[in-house]
Every structure is written in C-alpha cells, then in structure tokens.
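Undergrad:
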Amino acid sequence: MDTTESEPKYRVVFYQTPQGTEPVREWLQSLDKVKKLQLGQAIQMLQINGPSLPMPYACPLGKGLYELRERVGKVRYRIFYAFNEGRLVILLHAVTKDQRTVENDIATARRRLKDYIDRR
418 MDTTESEPKY RVVFYQTPQG TEPVREWLQS LDKVKKLQLG QAIQMLQING PSLPMPYACP
478 LGKGLYELRE RVGKVRYRIF YAFNEGRLVI LLHAVTKDQR TVENDIATAR RRLKDYIDRR
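Here the numbering used here runs 417 ahead of the position in the sequence shown, where the first position is 1.
1) Count the other C-beta atoms from every protein chain shown that fall within 10 angstroms of the C-beta of Gly-472, then say buried if there are 16 or more, exposed otherwise.
2) Are the CB atoms of Ile-496 and Ala-475 nearer to each other than 7 Å?
3) Flag this pair as yes or no: are the beta carbons of Gln-483 and Ile-507 separated by less than 7 Å?
4) Hey, Ala-526 and Leu-509: beta-carbon distance below 7 Å or not?
5) Name the two residues that bound the continuous alpha helix (DSSP H) containing Leu-530.
6) Which first and last residues belong to the beta strand (DSSP E) in which Arg-442 is found?
7) Of all the options Arg-488, Val-519 and Gln-464, which has the alpha carbon lying nearest to the alpha carbon of Val-540?
8) Using the Cβ count rule (16 or more neighbours within 10 Å means buried), how would you classify Val-519?
9) Taking DSSP's pairing of strands, which residues face Ile-460 in a bridge?
10) By the three-class DSSP mapping on this structure, what secondary structure does Pro-477 have?
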C-alpha cells in the first residue's frame with residue numbers, strides 16, 4: 418500500500434498514563450532504526466487510511482479496538498489502537514508478537530482506552 422501520494426487524514430496520539438509516561442512511544446524508541454522506520458510507515462498508513470486500512474495491515478478486535486500489524490523480517494509487531502473524537506487515533510499498547518494475540522494484551526489496551534476516555 419503506497420503512502421507517498423496521500424496526506425494524513427487522521428491525527429495519531431500516544432496514550433499517556435496518569436503518571437505522564439507514554440508506553441507505546443517508549444516501546445517504539447527501544448527498537449532499532451529499521452524496526453522504527455517500518456513501524457513508522459505502518460502508523461503513517463493508519464494516518465492516511467483510518468478505519469479503512471485493510472487486512473493484513475489492520476484488524477478489528479471488537480468494541481472499538483483495533484490492531485496495527487507489521488512484520489519486520491520474521492518478527493511480527495502489533496500496536497493496539499482506537500479511534501476517538503472523529504479523526505483522532507490513540508495508540509494504546511504495543512507488543513512483539515510470538516504467537517496469537519494474548520488476551521492480556523487486549524485487556525491492557527482496553528483498560529488504557531477506558532482510562533483515556535475517563536480522563537477527558
């Protein structure tokens with residue numbers, strides 16, 4: 418999917434804990450340059466396409482939660498996100514995936530989404 422032709426239509430924000438940390442940003446910063454670049458391109462596709470971003474790039478998980486899917490080499494990465502306030506995308510949780518998406522990761526993303534909404 419080519420992202421060079423289009424302007425971003427959605428604004429992406431990082432979920433911030435009550436203590437002020439941004440878990441997804443910190444996770445991204447811990448990765449090497451190649452992984453950051455590829456995941457950054459995946460986030461850019463999300464900014465351009467929003468909810469119309471198709472499989473295999475994005476997957477709905479139900480109740481307003483989605484996962485952004487990226488593979489770098491043999492390693493799969495997932496960033497959980499939700500839409501809020503029209504064209505706002507909240508990056509909630511991220512994992513390096515070695516098997517099927519773990520329910521704990523989905524639960525973490527849902528808790529963070531609830532916290533985000535409750536504090537608005």
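Using N, Cα and C, we set each Cβ at its ideal position, and we do this for glycine too.
TA: According to the data block:
1) A small correction: the amino acid at residue 472 is Met; Gly does not occupy that position in the sequence shown. Exposed, by the Cβ-count rule.
2) At the C-beta level, Ile-496 and Ala-475 stay beyond 7 Å of one another.
3) Strictly speaking, residue 483 in this sequence is Tyr, with Gln absent from that position. Not in contact: Tyr-483 and Ile-507 (Cβ atoms no closer than 7 Å).
4) Yes, they are a contact pair.
5) 520-535
6) Not the beta strand (DSSP E): Arg-442 falls in the alpha helix (DSSP H), residues 440-446.
7) An answer regarding residue 540 cannot be provided, because it is not within the stretch 418 to 537 covered by the chain.
8) The residue is exposed, with fewer than 16 neighbouring Cβ atoms inside 10 Å.
9) Ile-460 is not bridged to any residue.
10) In the structure shown, Pro-477 adopts extended strand secondary structure according to DSSP, grouped into three states.
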